[in-house]
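Enquirer: I'd like to ask you about the structure that follows.
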Amino acid sequence: MTSTFTVHAASGYEQLMGRWSRRLAPKFIDFAGLAGGEKILDVGCGTGSLTFELAKSADLAEIQAIDFSPVFVEAAKEKNSDPRVTISQADATALPFADNAFDRALALLVLHFVPEAGKAVAEMRRVVRPGGVVAAVVWDHYGGMTGMRMMIDTVAALSESGRQMRSRYCFQPMMQPGEMKRTFVEQGLADVSEVELMIRMDYQNFDDFWAPIGAGEGPLGRYMTLDATERDRIEAAVRDAYQAGRPDGPRSFANVAWACRGIAP
Numbered sequence: 420m421t422s423t424f425t426v427h428a429a430s431g432y433e434q435l436m437g438r439w440s441r442r443l444a445p446k447f448i449d450f451a452g453l454a455g456g457e458k459i460l461d462v463g464c465g466t467g468s469l470t471f472e473l474a475k476s477a478d479l480a481e482i483q484a485i486d487f488s489p490v491f492v493e494a495a496k497e498k499n500s501d502p503r504v505t506i507s508q509a510d511a512t513a514l515p516f517a518d519n520a521f522d523r524a525l526a527l528l529v530l531h532f533v534p535e536a537g538k539a540v541a542e543m544r545r546v547v548r549p550g551g552v553v554a555a556v557v558w559d560h561y562g563g564m565t566g567m568r569m570m571i572d573t574v575a576a577l578s579e580s581g582r583q584m585r586s587r588y589c590f591q592p593m594m595q596p597g598e599m600k601r602t603f604v605e606q607g608l609a610d611v612s613e614v615e616l617m618i619r620m621d622y623q624n625f626d627d628f629w630a631p632i633g634a635g636e637g638p639l640g641r642y643m644t645l646d647a648t649e650r651d652r653i654e655a656a657v658r659d660a661y662q663a664g665r666p667d668g669p670r671s672f673a674n675v676a677w678a679c680r681g682i683a684p
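First residue of the sequence shown: 420, per this note's numbering; consecutive thereafter.
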């Protein structure tokens, strides 16, 4: 299995999304729930935003974290100092764990990058004990990512390839209202609920917003494999959209995510 998320350097991901993942993680944990003595699986751990937020709970017995990207796995391992946490490279659609091994399996901002997302949910259900929890959260790219939509709508106005990129970005798996909930139900999970979670992404200036995208990180960064003239044209247009006729400086964007939770039968 592959991932549709492009990563060159963990530091680039941190500036692009890791800092915002850490804001979202506590809200997601509150929604997914925790209990003392539990064993938790973090599916698609990235650089550890959810993993290390989970580790703040002293009552947990074990935290296993996996990611498809060796770059992310290495970065998370370097950060880890908690003996309860084990981080390894693995495929979300073929988890290397026994049936019923965990009390909860959680996925923070990963299912929309898994080509067979339903298979990943099935695997999360398989490794969770009966009565345990499967939960996931993804961004609402179409209706809930104001800063990113500002960029992709600007790029879409410049070229046909930009319009194609926007269509791919806005309609990745699991992002439409009710889509993740339907998948959870189809995979046999019970008492499935879906809610919206919201954070704000606060940037110091345009360079703070643009640097990781311009460096080629993430789903939007993949589009930046263009010649220098076209990259410069895109950057100038997005800068104009960001500044919106005012001096460069701080900007704050609301961002909504869909969170879904179900019980393993």
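Here a beta-carbon is modelled for each residue, glycine too, at the ideal position from N, C-alpha and C.
Whole angstroms are fine: how far does the CA of Ile-653 sit from the CA of Arg-670?
Expert: Taking the straight line from one Cα to the other gives about 19 Å.
Enquirer: State the start and end residues of the unbroken alpha helix (DSSP H) segment that holds Val-533.
Expert: Per DSSP, Val-533 belongs to no alpha helix (DSSP H) and is neither H nor E.
Enquirer: For a quick check, are the C-beta atoms of Ala-474 and Ile-482 less than 8 Å apart?
Expert: It is a contact, given that the beta carbons lie within the stated cut-off.
Enquirer: Please report the distance separating the alpha-carbon of Arg-503 from that of Arg-665.
Expert: Straight-line Cα distance between these residues: approximately 49 Å.
Enquirer: Grouping DSSP H, G and I as helix and E and B as strand, with all else coil, what is Gln-483?
Expert: The answer is strand: DSSP assigns Gln-483 an E or B state.
Enquirer: Pull up the distance between the alpha-carbon of Ser-500 and that of Ala-494, whole angstroms please.
Expert: So the two alpha carbons sit approximately 12 Å from each other.
Enquirer: What's the gap between the Cα of Arg-680 and the Cα of Ser-468?
Expert: So the alpha carbons of these two residues sit roughly 19 Å apart.
Enquirer: Around the C-beta of Asp-659, are 16 or more other C-beta atoms found within 10 angstroms, so that it is buried, or is it exposed?
Expert: With fewer than 16 other Cβ atoms within 10 Å, it is exposed.
Enquirer: Kindly indicate which three-state DSSP category Arg-505 falls into: helix, strand or coil?
Expert: Strictly speaking, residue 505 in this sequence is Thr, with Arg absent from that position. DSSP places Thr-505 in strand when its eight states are reduced to three.
Enquirer: Please determine, among Ala-663, Ala-683, Asp-449 and Val-657, the residue with the shortest C-alpha to C-alpha distance to Thr-573.
Expert: Checking every option, the nearest Cα to that of Thr-573 belongs to Val-657.
Enquirer: Name, in chain order, the residues that DSSP records as bridge partners for Lys-458.
Expert: Glu-481, per the DSSP bridge assignment.
Enquirer: How would you call Phe-590, buried or exposed, if buried means at least 16 neighbouring beta carbons within 10 angstroms?
Expert: Classification for Phe-590: exposed.
Enquirer: Indicate the three-state DSSP secondary structure (helix, strand or coil) for Phe-628 in the structure shown.
Expert: Helix, per DSSP.
Enquirer: Which value, in whole angstroms, describes the spacing of the CA atoms of Glu-497 and Pro-489?
Expert: In a straight line, the C-alpha of Glu-497 is about 12 Å away from that of Pro-489.
Enquirer: Quick one: give me the first and last residue of the alpha helix (DSSP H) that Tyr-661 is part of.
Expert: Here the alpha helix (DSSP H) through Tyr-661 covers 647-662.
Enquirer: How far does the beta strand (DSSP E) with Arg-670 in it reach, from first residue to last?
Expert: Where Arg-670 is concerned, the enclosing beta strand (DSSP E) stretches over 670-682.
Enquirer: Following the continuous beta strand (DSSP E) through Met-620, name the residue where it begins and the one where it ends.
Expert: From DSSP, the beta strand (DSSP E) with Met-620 extends over 609-622.
Enquirer: Determine the closest residue to Ser-612 out of Phe-471, Met-599, Arg-619 and Asp-510, with distance taken between C-alpha atoms.
Expert: Minimum Cα distance to Ser-612 is reached at Met-599.
Enquirer: Just to confirm my understanding: we take Lys-538, look at its own chain, exclude 5 residues before and 5 after, and list those with CB closer than 6 Å. What are they?
Expert: Result list for Lys-538: Thr-512, in chain order.
Enquirer: Contact defined as beta carbons within less than 8 Å: I believe Ala-465 pairs with Gly-437. What is the distance between those atoms, to the nearest angstrom?
Expert: In the sequence as presented, Ala is not what sits at residue 465; that position holds Gly. That belief holds up - the Cβ atoms of Gly-465 and Gly-437 are roughly 7 Å apart, short of 8 Å.
Enquirer: Can you give me the C-alpha to C-alpha distance between Val-614 and Pro-592, rounded to a whole angstrom?
Expert: C-alpha separation (whole angstroms): 17 Å.
Enquirer: Exposed or buried, Ala-676, counting other C-beta atoms within 10 Å across all chains shown (16 or more means buried)?
Expert: Per the 10 Å Cβ criterion, buried.
Enquirer: Between the beta-carbon of Ala-678 and the beta-carbon of Leu-616, is there less than 8 Å?
Expert: Contact flag set, yes.
Enquirer: The alpha helix (DSSP H) with Arg-566 in it runs from where to where?
Expert: Here residue 566 is Gly; the residue named in the question, Arg, does not match the sequence. It spans 565-575 - the alpha helix (DSSP H) in which Gly-566 sits, taken as one unbroken run.
Enquirer: Assuming Gly-455 contacts Val-552 under a Cβ cut-off of 8 Å, what Cβ separation, rounded to an integer in Å, is found between them?
Expert: 15 Å between Cβ atoms; not a contact.
Enquirer: I'd like the span of the alpha helix (DSSP H) that includes Arg-665, first residue to last.
Expert: That residue, Arg-665, is in no alpha helix (DSSP H); it is neither H nor E in DSSP.
Enquirer: In angstroms, rounded to a whole number, what distance separates the CA positions of Ile-682 and His-560?
Expert: Their backbone Cα atoms lie some 26 Å apart in a straight line.
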